[in-house]
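Colleague:
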Amino acid sequence: MHSSHMNKKAMWIDCGIHAREWIAPAFCLWFVQYVSTFSLNQEITDIMDNMDVYILPVMNPDGYHYTWNRMWRKNRSVSKSSKCIGVDLNRNFDANWCTEGASHEPCTEIYCGAFPESEPESQAVANFLRSHKDSVQLYLSMHSYSQMLLFPYSCTLDEAENHNDLMVQEAAQLIRRHYRNIYKYGSGSKTIYLAPGGSDDWAYNLGIKYSFTFELQDRGRYGFLLPPSHISRACNEALIAVKTIALKVIKKT
Ligand code: 0X9
Ligand code: ZN
1 MHSSHMNKKA MWIDCGIHAR EWIAPAFCLW FVQYVSTFSL NQEITDIMDN
51 MDVYILPVMN PDGYHYTWNR MWRKNRSVSK SSKCIGVDLN RNFDANWCTE
101 GASHEPCTEI YCGAFPESEP ESQAVANFLR SHKDSVQLYL SMHSYSQMLL
151 FPYSCTLDEA ENHNDLMVQE AAQLIRRHYR NIYKYGSGSK TIYLAPGGSD
201 DWAYNLGIKY SFTFELQDRG RYGFLLPPSH ISRACNEALI AVKTIALKVI
251 KKT
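Under UniProt numbering, the residue at position 25 of the sequence shown is numbered 25, and the numbers go up by one with no gaps.
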């Protein structure tokens, strides 16, 4: 194997942990299309020269399928103790699992599951990242909506050790300049709410020190029901943030 390839860094993007957040899977496909057709773009060339990119376009396939009847969030697991269906995969990771901001009650939207990584989806992602943790330096998880660039921690009010490095104001500013759209950025717990068991906090604690959850468009006008006419702008503005952050990670590491 070529030595530069052996040391090649990597980034991970998953989309669609939450079933009804349809703009997220759209972004993953948009990203693939963009990097495979814009080979003359210098920023993308720099990223692809320096990083492998792993993309999981639909992390919650049964939930996503079910949302053709639209507002479902969780996966479609059947629980032993209840008639209610589904685990919130973003409460199912082993990061202060099921403390304040998640629930043991299967009928809630934030049900954490029977135990950490009880679900095949979260377990598969966790296993992949565990076995690639020496190369993966950037973890991104795409959600909607509310236009935010969130980072650890969400499972505690404590500040991440590299908090200042994670304050991605440059990415937010570029989105604002190009698309006149406001994206807030900050730690999850201080910017929205305490929410333990999330993939971003778990990946961070695994050692992936650049770990983000993006909340894509919009800020509530259409919410989860973002019209198709908004897809390209929503994806392009997220792309600016992904590129800016990836280039920063390449420089720093
Ligand atoms: O609550 C969530 O899981 C995310 N918001 S959403 O409206 N898409 O459901 C925010 C996740 C932030 N990160 C963690 N909670 N770890
Ligand atoms: Zn979500």
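In this text, a Cβ means the ideal position worked out from N, Cα and C, and glycines have one as well.
Just mark arginine 20 as buried or exposed, buried being the case when its beta carbon has 16 or more other beta carbons within 10 Å.
Modeller: That one is buried.
Colleague: Applying the 10 Å Cβ sphere with the 16-neighbour rule, what's the burial state of glutamine 147?
Modeller: Result: buried.
Colleague: May I ask which residues mark the beginning and end of the beta strand (DSSP E) holding threonine 213?
Modeller: Here the beta strand (DSSP E) through threonine 213 covers 210-216.
Colleague: Quick check on the contact list: which residues have their beta carbon closer than 6 Å to a heavy atom of the ligand 0X9?
Modeller: The set, ordered by position in the chain, is His18, Glu21, Asn90, His143, Leu150, Ser154, Gly188, Ala195, Gly198, Asp200, Asp201, Thr213 and Glu215.
Colleague: Are at least three pairs of beta-carbons, each pair with one atom in the stretch 223-242 and one in the stretch 21-30, less than 8 Å apart?
Modeller: The stretch 223-242, when compared against the stretch 21-30, does touch it at the 8 Å Cβ threshold.
Colleague: Decide if the stretch 149-156 is in contact with the stretch 119-139; the criterion is three or more beta carbon pairs, one per stretch, under 8 Å apart.
Modeller: As far as the Cβ criterion goes, the stretch 149-156 does not touch the stretch 119-139, which means the pair count is below three.
Colleague: Go to glutamine 42, then tell me how far its alpha helix (DSSP H) extends in each direction, as first and last residue.
Modeller: From DSSP, the alpha helix (DSSP H) with glutamine 42 extends over 42-50.
Colleague: What is the rounded straight-line gap between the Cα of serine 4 and the Cα of aspartate 134?
Modeller: In this prediction, serine 4 has a pLDDT of 48, which is less than 50 and means its spatial position is unreliable; what the coordinates show is noted afterwards. Each residue's alpha carbon lies about 15 Å from the other.
Colleague: Based on the DSSP output, what are the partners of threonine 151 in its beta bridges?
Modeller: Note on identity: in this sequence residue 151 is phenylalanine, with threonine being the wrong assignment. Answer is Ser187, bridged to phenylalanine 151.
Colleague: DSSP puts lysine 251 in a beta bridge; with which residues?
Modeller: Beta-bridge pairing links lysine 251 to no other residue.
Colleague: Check cysteine 235 in the structure and name its three-state DSSP category.
Modeller: Of the three classes helix, strand and coil, the one that applies to cysteine 235 here is helix, per DSSP.
Colleague: Run the CB neighbour count on glutamine 33, radius 10 Å, all protein chains shown included, and call it buried at 16 or more, exposed below.
Modeller: With fewer than 16 Cβ atoms within 10 Å of its Cβ, glutamine 33 is classed as exposed.
Colleague: With DSSP as the reference, please indicate the residues paired to methionine 59 in a beta bridge.
Modeller: Answer is none; methionine 59 lacks a bridge partner.
Colleague: Can serine 103 and aspartate 200 be called in contact, C-beta distance under 8 Å?
Modeller: The answer is no: Cβ separation not under 8 Å.
Colleague: How far does the beta strand (DSSP E) with histidine 143 in it reach, from first residue to last?
Modeller: Where histidine 143 is concerned, the enclosing beta strand (DSSP E) stretches over 136-144.
Colleague: State the Cα-Cα distance for the pair asparagine 127 and asparagine 181, rounded to the nearest angstrom.
Modeller: When rounded, the distance between both Cα atoms is 36 Å.
Colleague: Ends of the beta strand (DSSP E) at alanine 10?
Modeller: Segment 9-15, the beta strand (DSSP E) holding alanine 10.
Colleague: Could you check the C-alpha separation between methionine 1 and asparagine 7 for me, to the nearest Å?
Modeller: Low confidence applies to methionine 1: its pLDDT is 42, below 50, so where it sits in the model is not reliable, and the reading given next is rough at best. Each residue's Cα considered, the two are about 10 Å apart.
Colleague: Can isoleucine 208 and valine 125 be called in contact, C-beta distance under 8 Å?
Modeller: Not a contact, by the Cβ cut-off of 8 Å.
Colleague: Does the distance from the CB of valine 242 to the CB of phenylalanine 93 come in under 8 Å?
Modeller: No.
Colleague: With DSSP collapsed to three states, give me the class of tyrosine 111.
Modeller: Strand.
Colleague: Assuming the contact rule is C-beta atoms closer than 8 Å, alanine 203 and leucine 129 should be a hit. Round their C-beta distance to whole Å, please.
Modeller: Confirmed, about 6 Å.
Colleague: Touching or not, the stretch 63-83 and the stretch 166-179, by the rule of three or more beta carbon pairs under 8 Å?
Modeller: Because the criterion of three Cβ pairs below 8 Å is not met, the stretch 63-83 and the stretch 166-179 do not touch.
Colleague: Can you round the beta-carbon distance between leucine 138 and threonine 191 to whole angstroms, since I take them to be within the 8 Å contact cut?
Modeller: Leucine 138 to threonine 191, Cβ: 20 Å. No contact.
Colleague: Identify, in the order they occur along the chain, each residue of the same chain with its Cβ nearer than 6 Å to the Cβ of residue 307, setting aside the five sequence neighbours on each side.
Modeller: This structure leaves residue 307 out entirely; the chain is present only between 1 and 253.
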